[in-house]
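These notes concern the structure reproduced below.
There are 2 protein chains.
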Amino acid sequence: MEFENTVIHEEVVARVKEKMPQEEPIYEVSELFKVFGDSTRSRIICALHIEELCVNDLSTLLNMTQSAVSHQLRILRQARLVKSRKDGRVVYYSLDDDHIGEIFSLAFAHIMEEREG
Amino acid sequence: MEFENTVIHEEVVARVKEKMPQEEPIYEVSELFKVFGDSTRSRIICALHIEELCVNDLSTLLNMTQSAVSHQLRILRQARLVKSRKDGRVVYYSLDDDHIGEIFSLAFAHIMEEREG
DNA sequence: ACTATATATGAACAACTATTCATATGAATG
DNA sequence: CATTCATATGAATAGTTGTTCATATATAGT
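As they're listed, the protein sequences go chains X and U.
41 is the number that numbering that gives the first Met the number 0 gives to position 42 of the first sequence; each next residue is one higher, with no gaps.
95 is the number that numbering that gives the first Met the number 0 gives to position 96 of the second sequence; each next residue is one higher, with no gaps.
Given below as structure tokens:
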């Protein structure tokens, strides 16, 4: 890290620094996006947005090994984005948060507009 | 990849498969989130959401080398999330999309609610 | 032209991540 | 209680990514 930057617009930097959100929330937001930023996890989220599914069904649906799906579900669980319900030896997963759907909807809208424009 | 999964709920899988968004948009959405999923890029986006900034000011503000910031700006440019304006040898960056702010606002709202609950 | 400054970029490296493989856990069933 | 089935998990690996360092490009000033 260098600190020898010639500050071109000191006032601007000061102004923006004052208005900037705190470091910690920004960090957490990007951690959330990092979880979304994998196509396997995105596909899992899309599927669970439609309906509750067990691990085996998910791996069939996504054409992936049970292990790979299970590993990703763990990440989603740790991020509190999905919740699980156990029925015998079958574990059913579903979305644990209402915001997720909204965020994905906006992202989809963005992608779709990009395609047109 | 294994295809030897014992399908537990065939009808459910079939139903969800039918309702699932297409592969390609999901892939693009997760690519978008991947760009957001780095704290340096998130900080850049937050800063530019407040005000247009040049590279040098950004690196001062974020306490990072000019090179590191420049590399991340390239990624944001390629994703069409920021646009640049050249004035002499100074290059000013600003957000290139209205959706970005909304998506970040929702994500922040989510993070803040997580902190309370 | 020469120098200083603002930004961009290529190569290298370290850190991280997603999948696979092997195996463990835990619950139902005969 | 041994076996089968659904899921979870640890280790290993291959691929990706962010930063640094060195350097290139481009523009302004002298």
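Built from N, CA and C at the ideal position, the CB exists for glycine as well.
Quantities reported herein were computed from a predicted structural model and do not represent experimental measurements.
| Asked | Found |
| --- | --- |
| Nonlocal neighbours in the same chain, by C-beta distance under 8 Å from residue 46 of chain X, ignoring five residues either side | 52, 57, 60, 61 |
| Any chain U beta carbon closer than 8 Å to residue 92 of chain X | no |
| Selection from U:48, U:83, U:16 that minimises the alpha carbon distance to residue 18 of chain X | U:48 |
| Spatial distance of residue 40 of chain X from residue 82 of chain U (CA atoms) | 29 Å |
| Span of the beta strand (DSSP E) around residue 84 of chain U | 81–86 |
| Residue 80 of chain X and residue 11 of chain X closer than 8 Å at C-beta | no |
| Range covered by the alpha helix (DSSP H) that runs through residue 98 of chain U | 97–115 |
| Burial state of residue 109 of chain U, where buried means 16 or more other Cβ atoms lie within 10 Å | buried |
| Proximity test, Cβ basis, 8 Å: residue 42 of chain X and chain U | yes |
| Beta-carbon spacing of residue 104 of chain X, residue 36 of chain U below 8 Å | no |
| Residue 75 of chain U beta carbon less than 8 Å from that of residue 102 of chain U | no |
| Which residues DSSP lists as bridging residue 26 of chain U, in chain order | Partner(s): none; residue 26 of chain U has no beta bridge. |
| Closer than 7 Å at the beta carbon, the chain X residues around residue 86 of chain U | Under the 7 Å cutoff, chain X gives no residues; its nearest Cβ is about 11 Å from residue 86 of chain U. |
| Residue-chain proximity (residue 81 of chain X, chain U), Cβ-Cβ < 8 Å | no |
| Delimiting residues of the alpha helix (DSSP H) encompassing residue 67 of chain X | 65–77 |
| Neighbour list for residue 27 of chain U in chain X, Cβ cutoff strictly below 7 Å | 110 |
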